[in-house]
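Below is one structure, written out as C-alpha cells; comments come after it.
In this note's numbering, the protein residues as written are -18 to 730.
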C-alpha cells in the first residue's frame, strides 16, 4: 500500500496537534509499502492468540481473517482480531523512542534514538545496581511468547523479581489446579460435555473462539449449560438455566455441592481409590456444609442446589464444573477454585471425553506413543541460575503460602506496595512490557504514587498508555503484524506448533522485544545470554533438525501431530494403540494409561487434601470462611470482560472504540426506579478507595444488591470508568490474586 500517512490522517479529521505529537504515527510522513501476499501469523489483540491469515489484495487493502488450517477456530476471528489493521495504522501509535522531559505524568516527552535510549537505561540500571543491588529492579510483562526475553534479561541483570499479569486475572484457578493436580496444564473438553456448570466464565465475551465453538457444538448436541452469575451475561443467555448467585458466595455453593456428592455417594469411588489421596480428610472437612445451612449464603434454595449436584453427577464422567476464568474474585478464591478442581475429581471426569484432561506436549506424547511423533525444539537461550536474592512476594519460599505460584508469574501488584513501603527491601526501578497497571491493577492512585517514586521506569508499549505517561523512557514495540517471533510448541490432546510472522516491515522506528532486549544486553555486557543474530537465527537454532517442518510451518502457520489422546477414554485409547502399537505396554489392568495421570504433587496422586498448604497456612482442607465485602447499605461492585475490548489493551484502537467507547454501569431496574435513574443518567460511585462518575444502564439482568461494569475503560481522554480507582490492592491468600469485589454506595448526579 503506497499511502502517505500525513494525507490519510488529515482526511480522517485528525488535528495538527495529534499529527505533530512526538513519537506517534500521526507525525510520520513517509510512504507505507505493504507486500501483496497472504501471511500466516498469530493474532495478539487478546491473550487467546488465535491463528490468522493476513491478506493484502490487488487494491493494497490489508485484511485479517482466520487461518483455515486451525482446527480449534476453523478460520474464524472476532471483532478484536479483525481490528488489528486499525491498531497498526492508529495515528496515536508510538513509532519512536521517547524520553521524558517534564514531570512524571505530565505527558511531555521528546524523541530520541534507540542508541540514546539504550545508553540512558543502561546507565540508570548500573547506578541502581551499585546503590541497592540488582534485586531492586522489577521486571513485568503480559504473559506470552515475548516474555521469555524480558525474563532472560532480568535474570542476566541479577534480579529475581519477574512478573506477569496473572494476579490480576487467572492466578486463582492456576494455583488451585496446581494444588490438586500438581500442574495447571489442564483443559476442558467442552465440545463433548453433556452437562456444564459455569461460574461467571463468560467465554462469549471473554472471547476465546475455540471455547465458543466447542460450547456451541456441545449445546447443539443437547448439553445442558447452567450459569451461576450475579448478572445475565452473554453465556447466561445461551444457558438452559441462569441462577443469579450472590457475589462472593461461590465458595459456599461449591462446598455444599461437594458435600452432596460425597454424602449421597454420587462420586466415582473407583476413580477416587485409584488416583487420589486425602479423601477421608476431605470428607471430614465438608461434613457440616449441608445445603440447608449454606443455601442462605448463596441466596439459592437448598432443593435447587441438591438438584444441580445430582443432575451433574448423573452425566458423569461427561460433565464439567468450569474452574475459570473469572467469577466474583474474593479473598476465598483458593477455597472456591480448589473446590471446583476437587468436584471434577469426585465426578471422575479426568482424562475422559467431555471432562478435564492434561495437556500433552511433544515429549509426553512421544513417550507414550513410543515413537518420535512430534518435533522437540532445542533451547536457544542459555539457562541462567535464578538470582540468589529472595523475591519481594514470597513465591520462592519453599513450601510457603505462595509457593504454588510460579516464579515467572509472581504477585505483580505487590510491586507497587513495595515501592511505597520499601518492605521487604526497596524497589527503585521498574521495567514493564505490554503492561498497563494504572488500568489493570487495583488502586490506581497507589500505583501512580509508586510510579512517580521510581528512580527508573521504562515502558515498552505501542501506545502512550496511562502507565507510560509516568515513564522515564518509552520504547515503541512493533505491533504483532510487524514482527516475527520464535516457533511455538503447544500442547492439547496432541502436540501442535504455530508461528507469528510479520506482514510488513515495522513502521517508523519500532522493534520487537526479542530485538530490544538483545540490543540492550549488549550495552550492559550481557550479550552472551542472547546467543542469536536475529529472530530468524533463533528459529533455525530451535528447529534445525527439522528443515521440512520449518518450511511447512511457515507455509501453513500451524502444524498438528498425532491423534487425540485421553488416558481413560476407551475409544481414544483403542485408536491410539491402533496407530501406535508400542503404546500398549503402558496400559494398566483397567485398560487405562494410568501413568498419564501421575501428578507432580508431593504424593504423585491427585490431592484432595494439601499437606503443603496445611503446614504453610492451615489451608490443606476445604473450609468455609465467611467474608464481608460490603456494608448493609452498599452494593456489591463486580466487573467482567466485553467481547470488543481486551482489558487495558484495546480501548484506544479506533475501530473498537467506535464499537464501544463507554462502560455504562449495570444496575437493577427496580433499584433504578427507586433512585429515579434512567438509562444514560450519571451516578457517583463511592467507597473507601475513591469515587468515579459513571452512566447507568438499568436492566432486569442483574441482582438488586449488585452493580456491574465492563473492565478496561476509563483511559486517558476516553469515556467510561476504570474499576481500579475503586478497588483496594488486597491480595487473597495462597493464590495471590487481587480481590475484585468490593462494596460501594451510589447517588444520582
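Built from N, CA and C at the ideal position, the CB exists for glycine as well.
On a predicted model such as this, the values are computed, not experimentally measured, just so you know.
| Query | Result |
| --- | --- |
| Residue environment, residue 596, which counts as buried when at least 16 other CB atoms sit within 10 Å | exposed |
| Helix, strand or coil at residue 50 according to DSSP, with G and I counted as helix | coil |
| As assigned by DSSP and simplified to three states, the class of residue 576 | helix |
| Start-to-end residues for the beta strand (DSSP E) that takes in residue 440 | 437 to 442 |
| Under 8 Å between C-beta atoms of residue 333 and residue 547 | yes |
| Beta-carbon contacts of residue 692 that lie in its chain and below 7 Å, excluding the five residues immediately before and after | 620, 621, 622, 628 and 704 |
| Ordered list of alpha helix (DSSP H) runs contained in the segment 216 to 289, each at least 4 residues | 231 to 244, 250 to 256, 260 to 266 and 272 to 279 |
| Residue 182 versus residue 305: straight-line alpha-carbon distance, rounded | 6 Å |
| Range covered by the beta strand (DSSP E) that runs through residue 61 | Counting along the chain, residue 61 falls outside any beta strand (DSSP E), though it belongs to the alpha helix (DSSP H) covering 60 to 63. |
| Alpha carbon of residue 562 to alpha carbon of residue 345, nearest angstrom | 16 Å |
| 7 Å CB neighbourhood of residue 667 in its chain, flanking five on each side removed | 725 and 726 |
| Residues bridged to residue 477 (per DSSP) | 471 and 541 |
| Which listed residue (606, 395 and 649) has its alpha carbon closest to that of residue 145 | 395 |
| Completely contained beta strand (DSSP E) runs for the segment 323 to 397, where each covers 3 or more residues | 337 to 339 |
| Beta strand (DSSP E) segment containing residue 729, residue limits | 723 to 729 |
| Among 461, 348, 380 and 416, nearest to residue 475 - alpha-carbon criterion | 348 |
| For residue 205: DSSP bridge partner residues | 176 |
| Buried or exposed (CB count within 10 angstroms, at least 16 for buried), residue 639 | exposed |
| Extent of the continuous beta strand (DSSP E) to which residue 664 belongs | 663 to 667 |
| Candidates 257, 233, 197 and 205, of which the one nearest residue 579 by Cα | 257 |
| Element boundaries [alpha helix (DSSP H), containing residue 691] | It is not in any alpha helix (DSSP H) - residue 691 instead sits in the beta strand (DSSP E) that spans 687 to 691. |
| Pairwise C-alpha distance: residue 421 and residue 499 | 28 Å |
| Beta-carbon spacing of residue 148, residue 606 below 8 Å | no |
| DSSP three-state assignment for residue 679, whether helix, strand or coil | strand |
| Rounded distance between the beta-carbons of residue 4 and residue 457, thought under 8 Å | 7 Å |
| Given 8 Å, three or more beta-carbon pairs between the segment 160 to 177 and the segment 403 to 420 | no |
| Chain C contact for residue 52 (CB, 8 Å cutoff) | In summary, chain C is missing from the structure at hand, where a single protein chain is found. |
| DSSP state of residue -17 mapped onto helix, strand, coil | Here the model assigns residue -17 a pLDDT of 39, short of 50, so the residue's position is not dependable, and the following value carries that caveat. Of the three classes helix, strand and coil, the one that applies to residue -17 here is coil, per DSSP. |
| Three-way DSSP call (helix, strand, coil) for residue 720 in this model | coil |
| Reference residue 779; option with closest CA among 512, 722, 559 and 213 | Because the chain is modelled from -18 through 730, residue 779 falls outside the range shown and cannot be assessed. |
| Top-ranked residue by Cα proximity to residue 370, from 477, 141, 435 and 201 | 141 |
| Distance between residue 663 and residue 728 (C-alpha atoms, nearest Å) | 9 Å |
| Pick from 157, 634, 536 and 413 that is closest to residue 602, judged by C-alpha positions | 157 |
| Inter-residue spacing [alpha-carbon to alpha-carbon] between residue 48 and residue 23 | 9 Å |
| Reduced DSSP category for residue 34 - H, G, I as helix; E, B as strand; rest coil | strand |
| Residue environment, residue 218, which counts as buried when at least 16 other CB atoms sit within 10 Å | exposed |
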